[in-house]
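Q:
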Amino acid sequence: MRETSSVADTYSGSPGNIHSQLDVMGDPGRTGRYGEYGGRYVPEPLMAACLELENEFRLAWADDDFHNQLDSILRSYGGRPTPVTECGRLSERIGVRVLLKREDLAHTGSHKINNVTGQALLARRMGKNRLIAETGAGQHGVATATAAAFMGMECTVFMGEVDTLRQELNVFRMELLGANVVAVKSGSKTLKDAVNEALREWVSTCETTHYCVGSVMGPHPYPWIVRELQRVVGDEARDQCRQLLGGQDPDWVVACVGGGSNAAGTFAGFTDTSSNLVGVEAAGGAAITHGTPGILHGMLSNLLQDDTGQILEAKSISAGLDYPGIGPEHAYLASVGRARYESANDDEVVKAFCQLSELEGIIPALESAHAVAWVIREAGKVIPFGSTVLITLSGRGDKDVSQVRDILRKSKNDNEEGRVQVG
Amino acid sequence: MRETSSVADTYSGSPGNIHSQLDVMGDPGRTGRYGEYGGRYVPEPLMAACLELENEFRLAWADDDFHNQLDSILRSYGGRPTPVTECGRLSERIGVRVLLKREDLAHTGSHKINNVTGQALLARRMGKNRLIAETGAGQHGVATATAAAFMGMECTVFMGEVDTLRQELNVFRMELLGANVVAVKSGSKTLKDAVNEALREWVSTCETTHYCVGSVMGPHPYPWIVRELQRVVGDEARDQCRQLLGGQDPDWVVACVGGGSNAAGTFAGFTDTSSNLVGVEAAGGAAITHGTPGILHGMLSNLLQDDTGQILEAKSISAGLDYPGIGPEHAYLASVGRARYESANDDEVVKAFCQLSELEGIIPALESAHAVAWVIREAGKVIPFGSTVLITLSGRGDKDVSQVRDILRKSKNDNEEGRVQVG
Amino acid sequence: MDTGTTTPDLLSSVAGSGTGEGRLGAIQSKLLSARDSGRKSLCCYLMGGMSPDWQDVARAIENGGADIVEIGLPFSDPMIDGPVIQHASKLSLDSGNSPMSVIDSIPCMDMSIPVAVMTYYNIIYKAGLYRMAGRIASAGIAGSIIADLPVEESDSWVTTANDAGIENIMLVAPTTSPDRTKIICDVSQGFVYCVGTMGVTGERDELPNSAKEVAAKVKAATDKPTLVGIGVSTPSQAASVCAIADGVILGSAIVRRITEGEGARGIENFVRLLRRSID
Amino acid sequence: MDTGTTTPDLLSSVAGSGTGEGRLGAIQSKLLSARDSGRKSLCCYLMGGMSPDWQDVARAIENGGADIVEIGLPFSDPMIDGPVIQHASKLSLDSGNSPMSVIDSIPCMDMSIPVAVMTYYNIIYKAGLYRMAGRIASAGIAGSIIADLPVEESDSWVTTANDAGIENIMLVAPTTSPDRTKIICDVSQGFVYCVGTMGVTGERDELPNSAKEVAAKVKAATDKPTLVGIGVSTPSQAASVCAIADGVILGSAIVRRITEGEGARGIENFVRLLRRSID
Ligand SMILES: Cc1ncc(COP(=O)(O)O)c(C=O)c1O
Ligand SMILES: Cc1ncc(COP(=O)(O)O)c(C=O)c1O
C-alpha cells in the first residue's frame, strides 16, 4: 500500500497485461486504501457502524453459505446470469466487433440489483431490518426498495427534491415497492445532497439501519463491498467472452462511470487479462478528467470542486452520472494507468442512444449510452478497426425515453426555427 | 378432429391428468382447427400468404438449424431462460405456494419477444424483409420493432389512434427502434382496428411483407405458430418447477389471457401433467366467459359481439387485454375442460399489482396482475391452502406505473371527497 | 354451435364437390345470357343503410343500367374494405341499421335486376347459417359474397345457401395459384369475382395490371361469368378490364359519391356512364 | 498529491503516537485552569460569514462569558450538520465568503478567548495541509475540529497542525468503543469533544441520556477537558450535562438565533444565560 506512488510512476500511461502481476482490485485492507485514494473519512459517530460493516462483510464474503444465498437470489430472482449479446449490425457499421454485457436484462433494469441484494443480505446478517439509500435518477432507489420488499425490510430512500420532480414516476415506483421516499431540500437538492442526507440519517439510526450505498463510493468498506458485489458482472462477462471469442479476451472493456460500480464490477473480471479497460464519464461530470483529489462522502478521491474545496454540481443528461466524485478505486486505476477514463458529451450520448436502439433493438440507459458513444467515436481511432470490444450495458433506457423524446423534439424545433430565420 | 364434440362431452368440467392421453396443444393440421375453433377465414388475396406461411413454418419447425438459430438469439439476446422465482412473502400471506415464471425479465419486458423473434426469423427465411404488426398498449409493437431492428428489417406498426395517445411513449419507443408507427383512425381506434388495418396493409404487401401477429389469434397458422413460439415459456417452467418441487408439477398453472399467447405458451408445457390450467381474462374483455362463437380476424373463436354479429369493444384497465376475442385454442381448451377461464376485475387487479410490488419487489404488468389477482382471490377457496401455484408473469409493470398512480390518486381523492361530504 | 364449423379438412375434398353445377341461378343465367349476346356486365355495390336514400340509389343503379346490384350488409370490422366502404358501414350501423334490417328492406325495393348481398362471415355465422340463408332467400336476394370465406371454409355456407336457392359467389385473387383457381371457379356460383388488385376496396388512379391478368387467369379456368372488382374505379378503367373480363364490379367509386351527397339522380348518371363505357 | 494521504494503516499505530502530550496549548490550558478552579467551561459555535455582523456576534459570545469560540468554516456538504448549520454554511458561501476569507478575518476581531475553527477535511485537504495550518496559526487561531476526520485518518493533519502550534480536537461518540475512546482521548488536544447524541447538529427538546453517558465514558478514559456538544440546546440542558462534563458546546441554538435576526446583543444575553446556568 505504501509503495503506491512508485507503482504509479512505473506503470502510469501504459495499460496492458504488465498489470496482471499486480493485485489490482484486491482487498484494500483495513484502511480501505487504493493507493492514496479511499479511506474512511466519517464523523466519529459513524465509525462503529463502518467498522462493524467491514467486519461483517469480511466474514460474510468468506462464507460459502452467504455466497450461495446471494447467488441463488441473483439467479432465481435477479435474472442472472445476464447474457452477452453480439451486436452484428453496429459492429458492421463501425468496424469493431461489439459485444454487450446485458445488465439491462437484470431485474429492475440495471446492475444496481447485484449490489443491493448483497447489501440487503448483509444487513439481515447484521440483524438490521431497515435499509436507507440515496438515489439520483431513482435506479438505485428502486433497486433498494425492491430488495427491501423481497426480503421484508423497511426502506427509506433519500432523493434530491429536484430529482423527485424530474423523476416523479420513479418516486411512485419506490412507494409502490413499499419504500418511504424523502425529498431532500438541502444544497443543490440533487444526488450529492441525497448522499449527505442519507449519511445524516444513518448517524442517528445506524444501530438498526443499514445504509445501502449505491456505488463504489463512500467510506471504506463501501467501495470495496460494492465492487465485490458487482464483480459478478465482470466474472460472468469474462467467461462468456472467452466462449464467444475462442478463449480470448476482448481487446477493450468499456463501461460508463458515475460512481463507478458497473465499471468496477466489470473491470474486476478483467484486471488479470490484457484487455484495455476504459471508463467513460459524462463530460459534465468527469471527476477523473476535470476533478482534483479531495474528500467527500467519506472517501478521498477525485472530485469536481472549486479552489476553496467547495463541491461543484455535476451536470449531465443522465441523472445516474450526475455525481461530482468517482469511486476511489477508479482514481487509483487511473493514476497507475491500469484503466483509462474518457468522457462523452450529451450530444454524442443521445446519438449513441438512438443508434443502438435502431441498429440492435436495444434501448440503453443514457448512462450506458456514454460507453457506447465513446466506442462509436473512437472506432478506427483509439480503438483499431477489427478490435473486439466488450461494453457493459449497465441498464435499460425505458426510464430515459421521455427525456430523449423531449431533447430530440427540442433540437428539431431549434433546427426548424434556425431554418426559418435563415430562409 | 371430427370427434371434437364427443371429446368435449367426455371431458368437459373435469380438468386433471385424464387429459394427458389427448394430443392437446399438438399440430392443428392443415385446417388449423382446435376442435371446432380456429380455421382460416381470410379474403382470398391473403390465402396464398397464409398457405406459404404454414408451409414455411412446417419446414422451419422441423429444421434443427432453425431451432438452433432461434434458441441462440433468445438466449444471447432475449435473456432466456427466464427464472422461476419463489414468492416467499406472498405465499406466506395467502397460504399457497406461489412461483412466478419471470417473463418480465425477458428483453423488452414481456414474453412478446419470444414470438416476434421466431416470426422475424421465419420472415427472413421466406425472403421477406419487412414486418408489420398490430399493437394495443404497444408491447407487441415494441417487441416487433425490436426484432426488426436487431435483424435489420423494415417495420411498420399499426396502433389505434386512441392507443397512440394513451401510450405516447411507446410510440416514440417504436420510432426509436426504427419502426414506422401508423395511427389507425377507423372503428373504435383501438386494438381490434389496428388488427384490421394490419390485415388490410398485408393484403397489398404480402409478397414482401410478413404480418407478425402478436398473439395466438388470427387465421391459421398464426395461433399455432405463436403458441409454438411461446411454448418455450411452459417448457422452461415445467423443468424449473420440477427442480424446485422435487420432480413434482405445480397443482395450478395460471396465466393471464388477452389473445392468449403467454397462457398458451405456458399451458403447452403442462398439458401432459396433472396441473390445473387457469387462464385469467380481464372482466371487461372476458371473451370466454361473456363471449359467443364468431369469426373475426380470420379465426372462429369466442368473441364479444352483439346479437347481429357486430364486434364489441373490450374495456379493461390493461390495454394488453383489451381484445374482444381470444385465441381459438383457448376456446377449445375451455370447451373440453382441459383449462378453465376465469376473470379478474380492475379493482382486484390494481390491488394485486400493489401487493406483488410491495411483498416481492416485482412490479407486474397490469396484464399479468390479472393472474396474480385471481390467485390471491381464490387462495383457500378454489385453490386449496397448501397448493403450489405457478403464475406466468407475462411482463413487467414499468409501462403501467403512471396509469396506476393516476388511478390510486383518483380513488384517494374520491374517498377524501366522500369523507368531506359525510363530515 | 351450429353447422358453420363442418368445414372440409382439405382443399382437395372441396375440389370434387361440384356445388357449382346443377340448375343455374338468377345471377349466373343473367350474366351468361348477356355474354351470349356479346354484352359486358356491370355490377354496382352500395352499402345497405348507408344513407337515408340508399334504396332510391339502389333503384337508380338499376335504372342506370347495371346488371346486378350488390348490397353490403354492415359489419363493424370490414377487413378487406378501404376507408370509403368502412365509413359507409359505420354510417349504416350508426343510423340504427343491422344486417337483418337491410335484408328485410330489400323486398319493398322491388328490384328487377338480381341482388347479391356482400358481407363478412360473422354476420352469417352469428345469425345462424340456416336462418340467414332463409332470410336472404325470402327477401328475394339471389346471391351472396362473403369476403372472408375462402373456399376451404365455405362448404357449410355453400350447402346451406344452395339449399335455399342462393348463389354463393367466390373470389379469385392475383395471388391465387392455378390449382386453387380451378377449384374456386368450380365452387363459385353466379360468377367468379376476380379481385383486380392486391389491396382493399378503394378507388385507384390507374388500373393495376393485375386486373386483367386475374381475369385472364380465371377465364382460362372456367366458363362461368368472370367479373373484376376491387381496383376498378372509372368508366375507362371498366372498359379496359372488359377487354378481357365478362364484366366489372364497382363499389368504392359509387359509395364515395353517395357519401359525398350525390343523390339517386347523380348515381344513375354515373352508372349510365359506366354502362356506356363497357357497351 | 500532498501529505494528506499518509494515514496510519491501523488504529494501533496511532495509539502510541502520544501527540496529545507535550506543551499545553491555549485551549487546553484555559479549560484545565477553569476546571482546576471548579468552573465549568462554555464553548459557543457560530458559522463564519453567516451574517453581516458575525464578527460582532463572535465578540458578543466572548462578552457573554464563553471560554472558547468555535468558528465554522463554510463547506458545501456539511455531512454531520443539521438544517440550521447547513443553512448557515450556505448563507456564508452565498454571500461570497470562503474558508480562507473567514480565517483571514479572525485577527482583526481581536478576540481574547481562544478561537477554534470547525470544518470538514476537504477544506483543509484542498488548501494543502501545510498551507492551511500556517494560515490558521497566523490568524491566531488556537484549535481545529475536523468533523469528518476520524483518528485513523488524522495523523497527517495532527502532525502538521501541531508543528504550527494548533491543537486538534477529536470527537468521541456514544458508539465509540472503550478501546477506541482511549486512543481518541490520547490523540485529542485542547479537549475531547463528546458527541452528546447519535445524530446531526441541531436543537433537541430533551437532553439525550447519551450526552451524560458519553461524558462519563470519556472522563473515565482521560484527564483532558471533556466537553459535550451536539444535542445540548438550552441553559438547563447545559447545566444538566455539566453535572458530569467539564463543559458544553452549543452550536445550533446560537446559529438559529443569528439566522432569525438576533443581533450581537441578543446573543450576548443568551450566552450570559448559558454561563449562569453552568456556573
Ligand atoms: C443504468 C445505470 N448505469 C450506470 C449508473 C452509474 O452508476 P455506476 O457508475 O455506479 O455504475 C447508474 C446510476 O444510477 C445507472 O442507473
Ligand atoms: C405483459 C403482457 N401480458 C399479456 C398480454 C396479453 O397477450 P397474450 O394473452 O397474448 O399473452 C400482453 C399484451 O400486450 C402483455 O403486454
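Protein chains in written order, with the working numbering: chain A, 15 to 437; chain B, 15 to 437; chain C, 87 to 365; chain D, 87 to 365.
Where is the CB? At the ideal position from N, CA and C, for every residue including glycine.
All values derive from a computational prediction rather than experimental measurement.
Tell me, please, whether the CB atom of residue 261 (chain C) is closer than 7 Å to any CB atom in chain B?
A: By this cut-off, residue 261 (chain C) is an interface position.
Q: If the cut-off is 7 Å on Cβ atoms, which residues from the stretch 278–297 of chain C count as contacting chain B, listed in chain order?
A: Per Cβ criterion, the list reads 281, 284, 285 and 286.
Q: I'd like to know whether the C-beta atoms of residue 141 (chain B) and residue 205 (chain B) end up nearer to each other than 7 Å.
A: Cβ atoms of residue 141 (chain B) and residue 205 (chain B): not closer than 7 Å.
Q: What does the alpha-carbon distance come out to for the pair residue 328 (chain D) and residue 117 (chain D)?
A: Going from the Cα of residue 328 (chain D) to the Cα of residue 117 (chain D) covers about 13 Å.
Q: Of all the residues that make up the stretch 56–90 of chain B, which are near chain A by a beta-carbon distance shorter than 7 Å?
A: Taking 7 Å as the Cβ-Cβ cut-off against chain A, the residues of the stretch 56–90 of chain B that qualify are 89 and 90.
Q: If you compare alpha carbons, which of B:166, B:181 and B:67 is closest to residue 415 (chain B)?
A: Nearest C-alpha to residue 415 (chain B): B:181.
Q: With a floor of 3 residues, list each beta strand (DSSP E) that falls wholly inside the stretch 185–262 of chain B, ordered by position along the chain.
A: Whole beta strand (DSSP E) segments, 3+ residues: 194–198 and 223–225.
Q: Considering just the uninterrupted stretch of the alpha helix (DSSP H) at residue 347 (chain B), what are its terminal residues?
A: 342–350 is the span of the alpha helix (DSSP H), which, as asked, contains residue 347 (chain B).
Q: Cβ of residue 384 (chain A) within 7 Å of Cβ of residue 364 (chain A)?
A: It is not a contact, given that the beta carbons lie outside the stated cut-off.
Q: Flag residue 423 (chain A) as yes if its beta-carbon sits less than 7 Å from any beta-carbon of chain B, otherwise no.
A: Not an interface residue.
Q: For the 8 Å Cβ check, are there 3 or more pairs between the stretch 282–299 of chain A and the stretch 119–136 of chain D?
A: As far as the Cβ criterion goes, the stretch 282–299 of chain A does not touch the stretch 119–136 of chain D, which means the pair count is below three.
Q: Tell me which same chain residues have a C-beta within less than 7 Å of the C-beta of residue 131 (chain A), skipping the five on either side of it?
A: These residues qualify, in order along the chain: 84, 87, 88, 92 and 161.
Q: Which runs of the beta strand (DSSP E) spanning at least 3 residues fall entirely within the stretch 46–124 of chain B, listed in chain order?
A: Qualifying beta strand (DSSP E) stretches, in chain order: 98–100 and 111–116.
Q: Is residue 82 (chain A) closer than 7 Å to residue 243 (chain A) when the C-beta atoms are compared?
A: Not a contact, by the Cβ cut-off of 7 Å.
Q: For the alpha helix (DSSP H) containing residue 270 (chain D), name the first residue and the last one.
A: Per DSSP, residue 270 (chain D) belongs to the alpha helix (DSSP H) from 264–273.
Q: Does the stretch 277–291 of chain B come close enough to the stretch 248–255 of chain B that 3 or more CB-CB pairs lie under 8 Å?
A: Segments in contact, yes.
Q: Taking C-beta pairs closer than 8 Å, name the residues in chain A that residue 225 (chain D) reaches, listed in chain order.
A: Ordered by position in chain A, no residue passes the 8 Å Cβ test against residue 225 (chain D), which lies about 16 Å from the chain.
Q: Just the Cα atoms here: how many angstroms apart are residue 378 (chain A) and residue 211 (chain B)?
A: Roughly 31 Å separates the two Cα atoms.
Q: Hey, does residue 257 (chain C) have any beta-carbon neighbour from chain B nearer than 7 Å?
A: It does; some Cβ of chain B falls within 7 Å.
Q: Hey, could you find the ends of the alpha helix (DSSP H) residue 367 (chain A) is sitting in?
A: It spans 360–374 - the alpha helix (DSSP H) in which residue 367 (chain A) sits, taken as one unbroken run.
Q: Of the residues B:119, B:156 and B:80, which one's Cα is nearest the Cα of residue 139 (chain B)?
A: It is B:80.
Q: Unbroken alpha helix (DSSP H) runs of length 4 or more, entirely within the stretch 169–230 of chain D: which are they?
A: Qualifying alpha helix (DSSP H) stretches, in chain order: 169–180, 185–191, 207–213 and 215–224.
Q: Does the pairing of the stretch 228–240 of chain A with the stretch 312–321 of chain A give three or more beta-carbon distances under 8 Å?
A: They touch, by the three-pair rule.
Q: Tell me which residues of the stretch 163–174 of chain A have at least one Cβ-Cβ distance to chain B shorter than 7 Å, keeping chain order.
A: Under the 7 Å Cβ criterion, the stretch 163–174 of chain A contributes 163, 164 and 166.
Q: Give a yes or no on whether 7 Å exceeds the smallest Cβ distance from residue 372 (chain B) to chain A.
A: For residue 372 (chain B), the answer is yes, since a Cβ of chain A falls inside 7 Å of its Cβ.
Q: If residue 279 (chain C) sits next to residue 257 (chain C), beta carbons under 8 Å apart, how far is it from one beta carbon to the other, in whole angstroms?
A: About 5 Å separates the two Cβ atoms, so the contact holds.
Q: For residue 150 (chain A), which residues in chain B fall below 8 Å Cβ to Cβ?
A: Correct list: empty, because the minimum Cβ distance to chain B is about 18 Å.
Q: Pop quiz: residue 231 (chain D) and residue 204 (chain D) are said to be a contact at Cβ under 8 Å. What is the actual Cβ separation, rounded to whole angstroms?
A: Contact holds; Cβ gap of about 4 Å.
Q: For residue 233 (chain D), I'd like the list of residues in its chain whose CB is within less than 6 Å of its CB, leaving aside the five on either flank, ordered along the chain.
A: For residue 233 (chain D), where only same-chain residues beyond five positions count, the Cβ hits under 6 Å are 166 and 206.
Q: Say whether chain C places a C-beta atom closer than 7 Å to the C-beta of residue 322 (chain B).
A: Answer yes: the Cβ-Cβ gap between residue 322 (chain B) and chain C drops below 7 Å somewhere.
Q: Using beta carbons (cut-off 7 Å, strictly below), is residue 276 (chain B) in contact with chain C?
A: With 7 Å as the cut-off, residue 276 (chain B) does not count as an interface residue toward chain C.
Q: With 7 Å set as the bound, which would you pick, yes or no: does the beta-carbon of residue 185 (chain D) sit closer than that to a beta-carbon of chain A?
A: True, the Cβ-Cβ gap to chain A drops below 7 Å.
Q: For the beta strand (DSSP E) containing residue 296 (chain B), list its first residue and its last residue.
A: Residue 296 (chain B) -> beta strand (DSSP E) spans 290–296.
Q: Between the C-alpha atoms of residue 281 (chain B) and residue 98 (chain A), what's the straight-line distance to the nearest angstrom?
A: Distance between the alpha carbons of residue 281 (chain B) and residue 98 (chain A) is about 30 Å.
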